[in-house]
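Since the structure comes first, as structure tokens, the remarks are kept for the end.
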Amino acid sequence: MMSLPLHLAPLALMVTSLLVACGAQEPGVPAPAHPVSRVQGQVDRAALPAGDARVLLTAEQTVLSSAALQADGRFDLPLPAAAAMAPYLGPAAQRFAGDPNDCVSGLRVTPPDLRVARFVSLEVQLEGRAVAQVAQLSRSGTAESSVWYVFADRPGRLEGHIRCETADDLRARIRFDVTLEAGWNALRSNLFLGGGLLTSAPGPVPAWKTSLR
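Residue numbers (mature numbering (1 follows the signal peptide of the UniProt record, and there is no 0)): -21 to -1, 1 to 192.
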């Protein structure tokens, strides 16, 4: 499986560890995820060390794209083309299934051979040294919302759920209601104490948050 240095630890833990089964009504099939070709945002520049910084999209210690971080914290990062992403794609059924030692997958993928790469955060480097990660993330009490960027090699659907049990005996469940276009897609992850959902339906976009290394 592709190493994902773009994951923030709290997000990775949330997805596989902090969701409790819920009885929410199944939504209708959403429209395809909003296609994207660039990631634009603004981070708290004062929270980062001084100096010339860049925002990077990386996979397996390889820089796929980078952009300058401006003095006001703004950045405009072009997303890689299909040819650049090809070596980092893997089966969607595996990339979203969670840890096989802890999780049982009820995820349905159409078509079954759909291949994807997924990212939830970007790396910030200062003079070639990683100093932080940034992600579109908001928290309110036990609820957490974030944006995932997913590259798909063809159109597809993710439905169903995964259920996990952690070392703390927390039973976790995340539902999938995602329609993907070929190329880059922006998905929304909504997690809360009673359950969670990954969807391509439109909704509020969280601001960028910084996690220092």
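Every residue gets a Cβ at the ideal spot worked out from N, C-alpha and C, and that includes glycine.
Small disclaimer: the values here were computed from a predicted structure and weren't measured.
- If you ignore the 5 residues before and after G182, its C-beta comes within less than 6 angstroms of the C-beta of R167, all in its own chain and listed in chain order.
- DSSP places R133 in the coil class of the three-state scheme, outside both helix and strand.
- As DSSP reads the structure, Y128 sits in a beta bridge with F98 and A165.
- Each of L191, L27 and A165 was checked against the Cα of A180, and the nearest Cα belongs to A165.
- Shown here, P70 sits in a strand according to DSSP, grouped into three states.
- In the three-state reduction of the DSSP assignment, A186 falls in the coil class.
- Taking C-beta separations shorter than 6 angstroms and ignoring five residues to either side along the sequence, the partners of S84 in its chain run A76 and I141, following chain order.
- Of R154, T178, R150 and V113, the smallest CA-CA separation from D23 is found for V113.
- Note that the C-beta distance between A131 and F171 is not below 7 angstroms.
- Residue burial annotation: A62 is exposed, with fewer than 16 other C-beta atoms found within 10 angstroms of its C-beta.
- L48 places its beta carbon less than 7 angstroms from that of A32.
- Of the candidates V184, Q73 and L27, the residue whose Cα lies closest to the Cα of Q104 is L27.
- For A71 against G135, the beta-carbon gap comes to about 7 angstroms, under 8 angstroms, which counts as contact.
- When secondary structure is reduced to three states using DSSP, A60 falls in the coil class, being assigned neither helix nor strand.
- DSSP places R192 outside both helix and strand once states are collapsed to three, so it counts as coil.
- In this structure, the CA atom of D156 is about 14 angstroms from the CA atom of G174.
- A109 and D78 have their C-alpha atoms spaced approximately 27 angstroms apart.
- Taking 7 angstroms as the cut-off, the Cβ atoms of G52 and Q21 count as close.
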